[in-house]
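Start counting the sequence shown at 344; every next residue gets the next number (the working numbering). To keep things clear, I will list the structure first and then write my remarks on it.
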Amino acid sequence: MDSIDKNKLNNLLDKKLSKNDIEELSIEIIKKVKDLKKREKNKKRKEQLDFLEKKYDLKILNKDQIKKIPDWIKKNLNECKVIGKSKKIILTKDGKKFHLDNKLNDLPGNEWSYFLRSVINTRYSTSGEDGFAHHIRKIHPSPKPPQLMRDIIKFFTKDNEHILDYFMGVGGTLIGASLINRNALGIDLSSKFINAYKKATKELKLKEQTTIKGDCLEILKSKKLIEKYLKNKKFSLIAIDPPYGDMMNREKTGEAIKKNLSSEATPFTKNKKDLGNMNWLEFKENFIETIKYSMPYLKDKGHYVVFIKDLQPKEGKTNLLHSDLIEEINKIKGLNYIGMKIWADESINLYPYGYPHSFVSNQLHQYIMFFRKKN
Ligand SMILES: C[S@@+](CC[C@H](N)C(=O)[O-])C[C@H]1O[C@@H](n2cnc3c(N)ncnc32)[C@H](O)[C@@H]1O
C-alpha cells in the first residue's frame, strides 16, 4: 500500500468521492495489487531456480552412474557439476545438461527439445562433404540423406547400440549409424545397391556395417542370420524406408521424366519379392508381416521408425498411405504409435503439375512415423 499515493488517498477520503475519483482509485489499486502479485511470483520462481541450480560435487555420483555418462561429458568431466533437486542432472561448463536417468539417448536437453519439432525442412547438398558420396548412392531412385538418418538414430539410441534397416537400399541408415558410432545391420534384395553402399563407405572412410543380400521377409523369418549378427543382443531401433507399393512401378510423369529422360517405370528391382512391385493391398500384407517377424529382435521400449509418402488423391480416393499404415501397424501386438515428423525435402524441384487447370500438389514431404515397443 505504501507505494500508492497516500496524500491523494487521504484527500479523497476526506471529501465526498465523485464517480471519477472512485474509478481512478480502483484502477490504481488494481494495478498495484497486480504488480505486487507479479513481484511475489518472480521472487518465488527465483528461489526455486536458485534451489535447482544449487551445484553438487561430482563425488555424489556412484560408479554405475558415472559409467553411463555419455562420452561428450566424460571428456571434460572434471569441469562438470551435478545440479537439481534430484541430484541427477549433470551440467557441463558450456551450459549443456544431461539427465542421468536418460535411458533413451545421449543427448543434452537442448538437442532433445530440438528433435521434437514436428516438421523438418532440409536442403541437403548432394555434392562435396555434405553429399556423403551421393554421386555413388544416386544409382538408387530414392536414397535417404545420411544426415537425416543420423539425427533420428541419435535420438533413439545410445553410443554403440544396434540398428536394423531391412530395406537398406544404398545405405542412408547405415552411413548415418557409422557417423555417430552406432552398429547397424542392413538388408536389401539388390546386390547393386549394397555394393554402392560399400563403395560409398570406402570413399567416406567410414566403418562398413554388416549387410545381407536377400528377401527381408525370409531372412527375418529364418532367424539364423540375424541372431548370428546380434549374439544375444537386441536392436534399439529398427528404421525402415519401404518401397511404396506399386508407386514406382507405374508410368512416370513430370519431374520423374525430366530426371530420368524416359517415361518408363523404374521399380527398385525386377524381383517378385520386391515390395515395390506389389499392389497396395499385397504390399500392406507383406509389409506388416515384416514388422511382425522383426519384433523379437527389437528390445523392450525400443523404437520403430517408418518412412512413407502419400500418393496423390485420385478418382475420389484420398490415398493417405501414412494414415492407413499407422492404423495397420498400431494393431500389431506390443507396438504403439507415438507420433510423427513431417520431413520436407526442399531440394526437390518444383513442377507445374495440373497447370493451367487444377491443383496438384508438389509433394515435397514424407512422413516419419514413430512406434514404440511395449510388452
Ligand atoms: C525406398 S528404398 C530404401 C532406400 C534407402 N533408405 C536408402 O537410403 O537408400 C527401398 C528398398 O527396399 C528394397 N526392397 C524391396 N523389397 C525388398 C525385400 N523383400 N527384401 C529386401 N529389400 C527389399 C529395394 O531394393 C529398395 O532398395
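Note that beta-carbon positions come from the ideal geometry of N, C-alpha and C, so glycine has one too.
- ASN673 sits in a helix when the DSSP states are folded into three classes.
- DSSP, read as helix, strand or coil, puts ALA582 in strand.
- Beta-carbon to beta-carbon, PRO413 and PHE441 are separated by about 7 Å, close enough to satisfy the 8 Å threshold.
- The region 409-423 makes contact with the region 435-452; the number of CB pairs closer than 8 Å reaches 3 or more.
- The continuous alpha helix (DSSP H) containing GLN490 extends over residues 489-499.
- With a cutoff of 7 Å, LYS716 does not count as near ligand 1, since its C-beta is closer than that to no heavy atom of the ligand.
- In terms of side-chain proximity, the C-beta atom of ILE530 is found nearer than 7 Å to a non-hydrogen atom of ligand 1.
- A distance below 6 Å between beta-carbons, with the five flanking residues on each side excluded, links PHE499 to the following residues of its chain, in chain order: LEU580 and HIS646.
- Taken from the Cβ of SER521, every heavy atom of ligand 1 lies 7 Å or farther away.
- Beta-bridge annotation (DSSP): ALA687 is paired with ASN464 and HIS708.
- The closest heavy atom of ligand 1 lies 7 Å or more from the beta carbon of GLY438.
- For LEU434, no alpha helix (DSSP H) segment is defined; the enclosing uninterrupted segment is the beta strand (DSSP E) at 432-434.
- Contact check between the region 658-669 and the region 491-508: fewer than three CB pairs, one atom from each, fall below 8 Å, which does not count as touching.
- By the Cβ-count criterion, ASN350 is exposed, with fewer than 16 other Cβ atoms from all chains shown falling within 10 Å of its own Cβ.
- LEU517 counts as buried, since no fewer than 16 other beta carbons sit within 10 angstroms of its beta carbon.
- CA-to-CA, the gap between PRO639 and ARG525 works out to about 20 Å.
- For PHE713, same chain residues with a beta-carbon under 7 Å away, outside a window of 5 residues either side, are HIS646, VAL648, ILE681, GLY682 and MET683 in chain order.
- Shortest Cα-Cα distance from GLU632 to any of ASP449, LYS657 and LYS674 involves LYS674.
- Secondary structure note for TYR647: its beta strand (DSSP E) is the uninterrupted segment 641-651.
- Between the region 532-539 and the region 550-562, the count of C-beta pairs closer than 8 Å reaches three or more; the two stretches touch.
- Secondary structure within the region 384-422: not one fully enclosed beta strand (DSSP E) run of 3 or more consecutive residues is present.
- DSSP, reduced to helix, strand and coil, places HIS478 within a helical segment of the structure shown.
- Rounded to the nearest whole angstrom, the CA to CA distance from ILE496 to ARG460 is 15 Å.
- Using a Cβ distance threshold of 8 Å, ASN705 and TYR694 count as a contacting pair.
- Judged by beta-carbon spacing, LEU563 lies within the 8 Å limit of TYR509, meaning their Cβ atoms are closer than that value.
- Counting along the chain, the unbroken alpha helix (DSSP H) around ASN629 starts and ends at 623-637.
- Sequence-distant Cβ neighbours of SER690 in its own chain, meaning closer than 6 Å and more than five residues away, are ARG466.
- Under the three-state reduction of DSSP output, VAL425 falls in the strand class.
- When rounded, the separation of the alpha-carbon atoms in GLY519 and MET511 is 12 Å.
- Around the C-beta of ARG382, fewer than 16 other C-beta atoms lie within 10 Å, and the residue is accordingly described as exposed.
- For ASN662, the secondary structure class from DSSP, reduced to helix, strand or coil, is coil.
- Judged by the Cβ position, TYR509 qualifies as a neighbour of ligand 1 at the 7 Å threshold, a heavy atom of the ligand being closer than this.
- Taking 8 Å as the cut-off, the beta carbon of LYS717 is found no closer than this to the beta carbon of GLU671.
- In summary, LEU356 is exposed, with fewer than 16 beta-carbon neighbours lying within 10 Å of its beta-carbon over all protein chains present.
- In the three-state reduction of the DSSP assignment, ASN679 falls in the strand class, which pools E and B.
- One alpha carbon belongs to THR553, the other to ILE479, and they sit about 19 Å apart.
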